[in-house]
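Enquirer:
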Amino acid sequence: MPYKVIIIGSGPAGWTAAIYAGRAELAPLVFEGKEPGGQLMSTTAVENFPGFPEGIQGPDLMDQMRKQAQRFGTEILSQTVEQVDFSTRPFKVTSQGRVYEADAVIISTGASARRLGLESEQKFYGRGVSACATCDGFFFKNKKVAVVGGGDAAMEEAMFLTRFATQVVLVHRRENFRASKIMQDRVAANPKISIIRNAEVLEIFGQDATRVTGIRLKNTLTGEVSELETEGVFVAIGHSPNTKLFENILDLNEQGYIKTKPGTTQTSVPGVLAAGDVQDSVYRQAITAAGSGCMAAIEAERMLREV
Amino acid sequence: MSLELNEANFDSEVLQSTVPVLVDFWAPWCGSCRSMAPMVDTFAAEVDPGQLKVSKCNADENSALAARFNILAIPAFIIFKQGQEVARFSGSFSPEEFKEKVMSHLKV
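Heads up: the protein sequence lines correspond to chains A and B, in order. Numbered according to numbering that gives the first Met the number 0, the first sequence spans residues 0 to 306. Numbered according to numbering that gives the first Met the number 0, the second sequence spans residues 0 to 107.
(1) Does any residue of chain B have a CB that is nearer than 7 Å to the CB of F51 of chain A?
(2) Taking only beta-carbon atoms, is R67 of chain B less than 7 Å away from chain A?
(3) My output table needs one value for S94 of chain A: the three-state DSSP class, helix, strand or coil.
(4) Round the Cβ separation of G10 of chain A and A187 of chain A to the nearest angstrom and send it over; I've been treating them as touching at under 8 Å.
(5) Is any beta-carbon of chain B found at less than 7 Å from that of S239 of chain A?
(6) In chain D, what lies closer than 8 Å to Q95 of chain A by C-beta?
(7) Going by C-alpha to C-alpha distance, which of B:S34, B:S11, B:L21 and B:E12 sits closest to S103 of chain B?
(8) Please state whether DSSP places R22 of chain A in a helix, a strand or coil.
(9) Could you have a look at F159 of chain A and say whether DSSP puts it in helix, strand or coil?
(10) In terms of DSSP beta bridges, what is I73 of chain B paired with?
(11) Give the residues from the stretch 28-41 of chain A that approach chain B closer than 8 Å (Cβ to any Cβ), ordered along the chain.
(12) Name the chain B residues whose beta carbon is nearer than 9 Å to that of G127 of chain A?
(13) Among A:T229, A:M64, A:V168 and A:G109, whose alpha-carbon lies nearest the alpha-carbon of F245 of chain A?
(14) Assess contact between the stretch 130-147 of chain A and the stretch 167-175 of chain A, defined as three or more Cβ pairs (one per stretch) separated by less than 8 Å. Is contact present?
(15) Starting from T209 of chain A, find everything on chain B with Cβ-Cβ shorter than 7 Å and list it in chain order.
(16) Take the Cβ of D252 of chain A as the centre, count every other Cβ of all protein chains shown within 10 Å, and call the residue buried at 16 or more, exposed below.
(17) Suppose the cutoff is 6 Å on Cβ atoms and the five residues either side in sequence are ignored; what does the same chain contact list for E74 of chain A look like?
(18) Under the three-state reduction of DSSP, which class applies to F97 of chain B: helix, strand or coil?
(19) Less than 7 Å between CB atoms is the rule here; does T79 of chain A satisfy it with respect to chain B?
(20) Am I right that A103 of chain A and L272 of chain A are in contact with their C-beta atoms under 8 Å? What's the rounded C-beta distance?
(21) Name, please, each residue of chain B whose Cβ falls closer than 8 Å to the Cβ of P58 of chain A.
(22) In terms of DSSP beta bridges, what is L249 of chain A paired with?
(23) Could you name the residues of chain B that D135 of chain A contacts, counting a contact when the two beta carbons are closer than 7 Å?
(24) Distance check for D23 of chain B and V46 of chain B, CA to CA, integer angstroms please.
(25) Please list, in chain order, the chain A residues whose beta carbon lies closer than 9 Å to that of A26 of chain B.
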């Protein structure tokens, strides 16, 4: 017997879809994937999710969504999907060599932190290079660190790191920041944060392979190369959608996001729906992801009723 | 249940252990650590205790140990054999990837 609905991904979009599908007695199956809970698992206080006037910790919010989905009969597999076949119905989803079938699939694989793409970044990953200030900032007490990026996330990481580090250097490859005015103002007012503009990271270097000691920067205007001493490098240069699995299967836009029919969560394959950051390069909020997860579940339910 | 490590028992449980030891350095404020925890517990229950001891160390409460082993990112998984670090990896993994990574260091 195929499942009625399979949901791939376990961020706010995936769990909301599961809550709605579960309440509609569709007994959904959720594949949690490689980063269970999604991006909110590496945040601290979420202050803009309605219903939590005092804020809520990102991981706590995700725990609660997961529990709520379970309450309505969601089956959960802590596995990653390796392959999908949407060419015939029922759709096929493969994980750990086993094939699962479903009448409808909701894709909520989200987005993952982008990396610089340097070999030296890979080499020092977890040894001074980090993509999660809230996880790793603690280990940089009384050290000097660098944050690479120019958006709100980079500003937030820089602010957060001032709790531990003696000095935080924000490195941005352009002149102007993408970050909101309020975050830029907070950063500018913080005496522990200094800013280097128009600088591209060429290389991260260190002592053998266990400790970062600095980064090599290139001024994008003059071409001048300089070195910045730092023991930590926090990369906050945005996110890219997790759509590798769906290349040549679903229509994606130039940035790799899944295309959906405006006002719906329908992809280029009828019966396959997409919700959350995997199809949204504009809003990218927990609440918008949850909203589109709800839409996807309702669309799946209506479609299954018609079949 | 995996063994809880602290500054008092680390040397005897890990460095002087006759079987290889996997140490999961984690902290309560680390979301990825929390999402990896159930998987590590499942793994601990499955593994032959004569082959590998699975343990965890709260890096927040035991910051001296974190500093001693140069922990700069969590979750960090370190495998010790005869008191020596033989492998280290950090980040989020699927259960199968995790198992494979750990088991590959236990051979020979």
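Note that the Cβ used here is the ideal one computed from N, Cα and C, for glycine as well.
Expert: According to the structure shown:
(1) Residue 51 of chain A sits at position 52 when you count from the first residue of the first sequence. For F51 of chain A, the answer is no, since every Cβ of chain B falls outside 7 Å of its Cβ.
(2) Against the second sequence, residue 67 of chain B aligns to sequence position 68. Chain A contact via Cβ: absent.
(3) Reading the first sequence from its first residue, position 95 is the one you call residue 94 of chain A. In the three-state reduction of the DSSP assignment, S94 of chain A falls in the strand class, which pools E and B.
(4) In the first sequence, counting from the first residue as 1, residue 10 of chain A sits at position 11. In the first sequence, counting from the first residue as 1, residue 187 of chain A sits at position 188. Wrong, their Cβ atoms sit about 32 Å apart, outside the cutoff.
(5) Within the first sequence, numbered from 1, the residue matching residue 239 of chain A stands at position 240. Not closer than 7 Å to any Cβ of chain B, the Cβ of S239 of chain A fails to qualify, so no.
(6) The question asks about chain D, but that chain is absent: this structure's protein chains are A and B.
(7) For this step, residue 103 of chain B is matched to residue 104 along the second sequence. Nearest C-alpha to S103 of chain B: B:L21.
(8) Locating residue 22 of chain A in the first sequence gives position 23, counting from the first residue. Here R22 of chain A sits in helix by DSSP.
(9) Taking the first residue of the first sequence as 1, we reach residue 159 of chain A at position 160. Three-state DSSP puts F159 of chain A in a helix.
(10) Residue numbering aside, residue 73 of chain B sits at position 74 when the second sequence is read from its first letter. Looking at the DSSP assignment, I73 of chain B forms no beta bridge with any residue, so it has no partner.
(11) G32, K33, E34, P35, G36, L39, M40 and S41
(12) As a working note, residue 127 of chain A is residue 128 in the first sequence. Residues of chain B passing the Cβ test: L71 and A72.
(13) If you number the first sequence from 1, residue 245 of chain A lands on position 246. It is A:G109 whose Cα lies nearest to the Cα of F245 of chain A.
(14) yes
(15) Mapped onto the first sequence, residue 209 of chain A falls at position 210. Here the neighbours are N69.
(16) Here residue 252 of chain A refers to the residue found at position 253 of the first sequence. Reading off the sequence shown, one finds Asn at residue 252 of chain A, where the question assumed Asp. N252 of chain A should be labelled exposed.
(17) Residue numbering aside, residue 74 of chain A sits at position 75 when the first sequence is read from its first letter. Around E74 of chain A: L28.
(18) Taking the first residue of the second sequence as position 1, residue 97 of chain B is located at position 98. The answer is helix: DSSP assigns F97 of chain B an H, G or I state.
(19) For the purposes of this step, residue 79 of chain A is identified with residue 80 of the first sequence, where counting begins at 1. By this cut-off, T79 of chain A is an interface position.
(20) Counted from its first residue, the first sequence places residue 103 of chain A at position 104. Counted from its first residue, the first sequence places residue 272 of chain A at position 273. Indeed, because the Cβ distance is near 7 Å, the residues count as touching under 8 Å.
(21) Translated into positions along the first sequence, residue 58 of chain A becomes position 59. Close to P58 of chain A, with beta-carbon spacing below 8 Å, are these residues of chain B in chain order: G30, R33 and S34.
(22) Start at 1 with the first residue of the first sequence, and residue 249 of chain A comes out as number 250. Paired residues: none, contrary to the question.
(23) Position 136 of the first sequence, counted from the start, is the residue given in the question as residue 135 of chain A. Within 7 Å Cβ-Cβ: L71, A72 and I73.
(24) As a working note, residue 46 of chain B is residue 47 in the second sequence. As a working note, residue 23 of chain B is residue 24 in the second sequence. Approximately 15 Å between the Cα atoms of the pair.
(25) For the purposes of this step, residue 26 of chain B is identified with residue 27 of the second sequence, where counting begins at 1. Here the neighbours are C134 and F137.
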